[in-house]
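For the record, the sequence lines run as chains A and B.
Be aware that the first sequence starts at 0, since it is given in numbering that gives the first Met the number 0, and climbs by one per residue.
Be aware that the second sequence starts at 0, since it is given in numbering that gives the first Met the number 0, and climbs by one per residue.
2 protein chains.
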Amino acid sequence: MEKALNELSAAQAARRIERQEITCEALANACLERIAARDDEVRAWAFIHQKQALTQARELDRTPRRSRLHGVPFGIKDVIDTESLRTEYNSPIYRDHQPRADAACVALLRQAGCLILGKTVTTEFATNHPSPTRNPRDPAHTPGGSSSGSAAAVADAMVPLALGTQTGGSVIRPAAYCGTFAIKPSFGSINRAGLKFVAESLDTIGIFSRDPEDLALALEVLSGRAAPEFAPASGTPRIGLCRTPRWQLADAGTQANLEDAARRLARAGAQVREFDLPPGSEALFDRHNVVIGFEMARALAWEHINFPDQISASLKPRLDEGWKVTRADYDAVRETARQCRRALAEEMRELDFLLTPSAPSEAPRSHASTGDPVFNRAWTLFGVPCVTVPYGKGAHGLPLGVQLVGPMDGDMPLIAWADWAARALAITAA
Amino acid sequence: MEKALNELSAAQAARRIERQEITCEALANACLERIAARDDEVRAWAFIHQKQALTQARELDRTPRRSRLHGVPFGIKDVIDTESLRTEYNSPIYRDHQPRADAACVALLRQAGCLILGKTVTTEFATNHPSPTRNPRDPAHTPGGSSSGSAAAVADAMVPLALGTQTGGSVIRPAAYCGTFAIKPSFGSINRAGLKFVAESLDTIGIFSRDPEDLALALEVLSGRAAPEFAPASGTPRIGLCRTPRWQLADAGTQANLEDAARRLARAGAQVREFDLPPGSEALFDRHNVVIGFEMARALAWEHINFPDQISASLKPRLDEGWKVTRADYDAVRETARQCRRALAEEMRELDFLLTPSAPSEAPRSHASTGDPVFNRAWTLFGVPCVTVPYGKGAHGLPLGVQLVGPMDGDMPLIAWADWAARALAITAA
């Protein structure tokens, strides 16, 4: 049976638009219909201007093809400025806020002929306070955060691609919880002009999709790195199986799932060896919070000083804590992180990627928290690229993910290996 | 004879406010009067709301002292968002633009009881296109850029402290041209939320003052680092005299001036030795442009795509060039910079600071250019702190500066050494 248009991958949809088999408008309509049918339950979208989206789509139908993603709709996490759609960071402090300009990443997408379909729900300022978004696989479960809406919208086939951001684990974790692919690229890959900062030394714009090829095509537009060919990979990878110093925080199903994935990848030809993080890394799993706290207190100083009563009860004490972090402590963590980053680069030299959990469990059955970023934070601090590949199920039947971590600036080879791994794990793209 | 209030250093003024010898309002009035008398010629200010400034000042007079800079007026470069003052980046694209929030650095200053006096003139988006600002020492000469207004306003005693930004040489060079002190802090020292980006991996918020102690007090508020005691320094520094691979671009007067400064500091007790930059650094003096070009094209993508005719004739071709830089080339320069940064840290271990020119000459007699950042760019790329100390005169009688470069995160010791050096060079604080 033929897939509905909203279920196509971005690459599939763009190829059909190129061949004039479908229009951008029809694709946008299919996405909007899916949203109309489902978003009362999922609540993935903060703001959509339907008429404007369809006007854009018709314009793109009349415009010469601008890129391999021409006509493809995107969801944009609502911490990224858009000229044509209000941008509220899920904070009452920014009710009806209308930025003057598009963020750089949005301008790059428009330049490539992509359609900005709407803004996806973020947690408050991309921090931990849960958003109203539900996990589309089971609305009793969290979708994760902070890129809750982007993960849920892509997983639920409301849009083929969406942008999120990660400061701790805000891209990889919700993608794993909702059962999609996602990349948190190398730090510095996607320009951040027009992004509302939480912790500028960590904040990284990432991408959600239902197919690894789509990650590569979107990252090409956004970073200037050339997407690899997605022919069946001829080689096999050298993999470091990295349980991390927090392995005991992964539940039994997640532990078994990762080890199962490693065995299957080995059977598919990969060389798999155990990998321990460099000495000193362990402390960073917790000390990452020192960096976030110090920077977040400052980045949100205006809001904290002027509108303390409009900051959530979970964020406010974190800001107060952030002010207590000393500069010396902050500088020391950053120096340790720099040292570990160099040591990690050295130790990964003979490996193509590390294999590690995307999250400690399936999406928790709760809306009181967005889950635990313990398996994401250190990689964000190291600045290295991470891709999550949906693989396996948890005890409640929700998706699990395995995380591939590559060397700095090795984003495109990492996506190609994620594609290889997904095939080897016999996952068919959704 | 007693100094006029506007001529006081920030530390002097704040001490007199603390002792209730003067009011914040009187200090603000003195600054506003100086501006009224001089700014038709100097053109340092983009926007001042006089009534609002005086209202703020009276409020601060009624408020308990919040910091060692309570009541001190600041000029804010007009690439930094202010809630109460429009922010135009010196671009017609942003005519009458009113940001929703204060930048983090502005919020921190207000929290410390500082007075936001007004916005200082920037070049267009803090790039190279000259601003209307004149050098207060001689209006036929450029004040330098891109922080033209902040340098000129502080040098002309219109305000004791001002914020600027440096991506190439936009803090240190204009300070040297106008004859003030300034610091470009270590990368990561001052939170950049609310700063209009040019090249986010380089953009650094810096501070202008007429006294090194003021740099320390302002940096304490802005970075959380504790300011050192400004007692007469008991020790003497170990100095690396760094002519750089671009020594031949410094004019004869600048070369002689730097060597004279080194001799005088040696006579004052410093150990001075020749210092060569690590192998590979040389290329970075030019390749810095690769990083700026790549990032700037993306950071200003919205403006470039939507308002090409409102971008200056000097910026537009630079953006076009930026789009031609390949990601591979950009990644390669950044990797070389990381390697050189590590090598530099290693080689500076036995030194307190490097001594190097702040600019290749005194301020050029021209308004067609803001001068050459050749002696600043590599340090910005390395992320290390730089302080310029006014010392000597050029052939036209305009000020020269010597630049002190310290190790990463060693900002406060570097300011203390700048104070030592200024005293040793027998400069009396203005």
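We put the beta carbon where it would ideally sit given N, CA and C, even for glycine.
Determine whether the beta carbon atoms of residue 28(A) and residue 199(B) lie at a separation below 9 Å.
Here the question's residue 28(A) lines up with position 29 in the first sequence. Here the question's residue 199(B) lines up with position 200 in the second sequence. Their beta carbons are not under 9 Å apart, which means residue 28(A) does not touch residue 199(B) by this criterion.
Name, please, each residue of chain A whose Cβ falls closer than 8 Å to the Cβ of residue 107(B).
The residue you call residue 107(B) lines up with position 108 of the second sequence. The contacting residues are 297, 300.
Going by beta-carbon coordinates alone, are residue 197(A) and residue 124(A) separated by less than 9 Å?
Here residue 197(A) refers to the residue found at position 198 when the first sequence is read from its first residue. Here residue 124(A) refers to the residue found at position 125 when the first sequence is read from its first residue. For residue 197(A) and residue 124(A), yes; Cβs fall inside 9 Å.
Excluding the 5 residues preceding and the 5 following residue 296(B) in the sequence, name in chain order all residues of the same chain whose CB lies nearer than 6 Å to its CB.
Position 297 of the second sequence, counting from 1, holds the residue named residue 296(B). Answer for residue 296(B): 318, 321, 322, listed in chain order.
Between residue 211(A) and residue 421(A), is the Cβ-Cβ spacing less than 9 Å?
Within the first sequence, residue 211(A) is the residue found at index 212, counting from 1. Within the first sequence, residue 421(A) is the residue found at index 422, counting from 1. Closer than 9 Å, so yes.
Write down the C-beta distance between residue 264(A) and residue 238(A) rounded to the nearest angstrom, noting that I regard them as a contact closer than 8 Å.
As a working note, residue 264(A) is residue 265 in the first sequence. As a working note, residue 238(A) is residue 239 in the first sequence. With a Cβ gap of about 6 Å, residue 264(A) and residue 238(A) count as contacting.
Closest by CA to residue 119(A), which one among 311(A), 45(A), 255(A)?
Here residue 119(A) corresponds to residue number 120 of the first sequence, with the count starting at 1. When 311(A), 45(A), 255(A) are compared, the shortest CA-CA separation from residue 119(A) is found for 45(A).
Is there at least one Cβ from chain A nearer than 9 Å to residue 390(B)'s Cβ?
Against the second sequence, residue 390(B) aligns to sequence position 391. False, the Cβ-Cβ gap to chain A never drops below 9 Å.
Given a threshold of 16 other Cβ atoms within 10 Å of its Cβ, counted over all protein chains shown, does residue 223(A) qualify as buried or as exposed?
Taking the first residue of the first sequence as 1, we reach residue 223(A) at position 224. By the neighbour-count criterion, in which 16 or more other beta carbons inside 10 Å mark a residue as buried, residue 223(A) falls on the buried side.
Is it the case that the region 30 to 43 of chain A contacts the region 78 to 93 of chain A, given that we only count it when at least three CB pairs across the two stretches are under 8 Å?
no
Do the CB positions of residue 204(B) and residue 164(B) come within less than 9 Å of each other?
Against the second sequence, residue 204(B) aligns to sequence position 205. Against the second sequence, residue 164(B) aligns to sequence position 165. Contact: yes.
Comparing the C-beta of residue 472(B) with each C-beta of chain A, is any distance below 9 Å?
Residue 472(B) is absent from the model: chain B starts at 0 and stops at 429.
With distances taken between CB atoms, is the gap from residue 381(A) to residue 236(A) smaller than 9 Å?
Position 382 of the first sequence, counted from the start, is the residue given in the question as residue 381(A). Position 237 of the first sequence, counted from the start, is the residue given in the question as residue 236(A). The answer is no: Cβ separation not under 9 Å.
For residue 439(B), does the count of other Cβ atoms within 10 angstroms reach 16, so buried, or fall short, so exposed?
No information on residue 439(B) is available, as it lies outside the stretch 0 to 429 that chain B covers here.
Measuring only between beta-carbons, confirm whether residue 225(A) sits less than 9 Å from chain B.
For the purposes of this step, residue 225(A) is taken as residue 226 along the first sequence, with counting starting at 1. Interface residue, yes.
Looking at chain C, is there any beta carbon in it that lies within less than 9 Å of the beta carbon of residue 101(A)?
Structure shown: chain C not included; protein chains present are A and B.
Looking at C-alpha atoms only, which residue of 324(A), 310(A), 56(A) is the closest neighbour of residue 293(A)?
The residue given as residue 293(A) occupies position 294 in the first sequence. With distances taken between Cα atoms, residue 293(A) lies closest to 324(A).
For residue 182(A) and residue 67(A), I'd like the C-alpha separation in whole angstroms.
Against the first sequence, residue 182(A) aligns to sequence position 183. Against the first sequence, residue 67(A) aligns to sequence position 68. Distance between the alpha carbons of residue 182(A) and residue 67(A) is about 19 Å.
My output table needs one value for residue 171(B): the three-state DSSP class, helix, strand or coil.
Within the second sequence, residue 171(B) is the residue found at index 172, counting from 1. DSSP places residue 171(B) in helix when its eight states are reduced to three.
Residue 222(A) versus chain B: which residues are under 7 Å apart at the beta carbon?
Position 223 of the first sequence, counted from the first residue, corresponds to residue 222(A). Correct list: 326.
Quick one: Cα of residue 306(B) to Cα of residue 274(A), how far?
Within the second sequence, the letter at position 307 stands for residue 306(B). Within the first sequence, the letter at position 275 stands for residue 274(A). Roughly 51 Å separates the two Cα atoms.
Buried or exposed (CB count within 10 angstroms, at least 16 for buried), residue 365(B)
Walking along the second sequence from the start, residue 365(B) turns up at place 366. Exposed is the call here.
Assess contact between the region 136 to 145 of chain B and the region 103 to 117 of chain B, defined as three or more Cβ pairs (one per stretch) separated by less than 8 Å. Is contact present?
Judged by Cβ distances under 8 Å, the region 136 to 145 of chain B makes no contact with the region 103 to 117 of chain B, as fewer than three pairs qualify.
Could you tell me whether any Cβ in chain B is nearer than 9 Å to the Cβ of residue 291(A)?
The count along the first sequence starts at 1 and reaches residue 291(A) at position 292. Judged by the 9 Å Cβ criterion, residue 291(A) is not in contact with chain B.
Any beta carbon of chain A sitting closer than 9 Å to that of residue 82(B)?
Within the second sequence, the letter at position 83 stands for residue 82(B). Closer than 9 Å: yes.
At a CB-CB cut-off below 7 Å, which residues of chain A make contact with residue 96(B)?
Position 97 of the second sequence, counted from the start, is the residue given in the question as residue 96(B). Neighbours of residue 96(B) on chain A, chain order: 99.
Residue nearest to residue 54(B) in terms of C-alpha spacing, selected from 309(B), 311(B), 24(B), 175(B):
To locate residue 54(B), count along the second sequence from 1; it is residue 55. Of the candidates 309(B), 311(B), 24(B), 175(B), the one whose C-alpha sits nearest the C-alpha of residue 54(B) is 24(B).
Completely contained alpha helix (DSSP H) runs for the region 280 to 348 of chain B, where each covers 4 or more residues:
280 to 298, 300 to 305, 314 to 323, 326 to 346
Name the one or two DSSP bridge partners that residue 73(A) has.
Along the first sequence, read from residue 1 onward, the residue named residue 73(A) stands at position 74. In DSSP, residue 73(A) forms a bridge with 115(A), 160(A).
Which of the three DSSP states, helix, strand or coil, is assigned to residue 389(B)?
Counting from 1 along the second sequence, the entry for residue 389(B) is found at position 390. In this structure, residue 389(B) counts as strand in the three-state DSSP scheme.
By DSSP, does residue 252(A) sit in helix, in strand, or in coil?
Residue numbering aside, residue 252(A) sits at position 253 when the first sequence is read from its first letter. In this structure, residue 252(A) counts as helix in the three-state DSSP scheme.
Using a Cβ-Cβ distance under 9 Å, would residue 76(B) count as near chain A?
Taking the second sequence and counting its residues from 1, one reaches residue 76(B) at position 77. For residue 76(B), the answer is no, since every Cβ of chain A falls outside 9 Å of its Cβ.
With a threshold of 9 Å between beta carbons, is residue 414(B) in contact with chain A?
Indexing the second sequence from 1 puts residue 414(B) at position 415. At a cut-off of 9 Å between beta-carbon atoms, residue 414(B) makes no contact with chain A.
Can you pull the chain A neighbours of residue 408(B), defined as C-beta to C-beta under 7 Å?
For the purposes of this step, residue 408(B) is identified with residue 409 of the second sequence, where counting begins at 1. Going along chain A in sequence order, the residues near residue 408(B) (Cβ under 7 Å) are 330.
Would you kindly work out how many angstroms separate the C-alpha atoms of residue 98(A) and residue 85(A), rounded to a whole number?
Within the first sequence, numbered from 1, the residue matching residue 98(A) stands at position 99. Within the first sequence, numbered from 1, the residue matching residue 85(A) stands at position 86. Cα to Cα, the separation comes out at about 7 Å.
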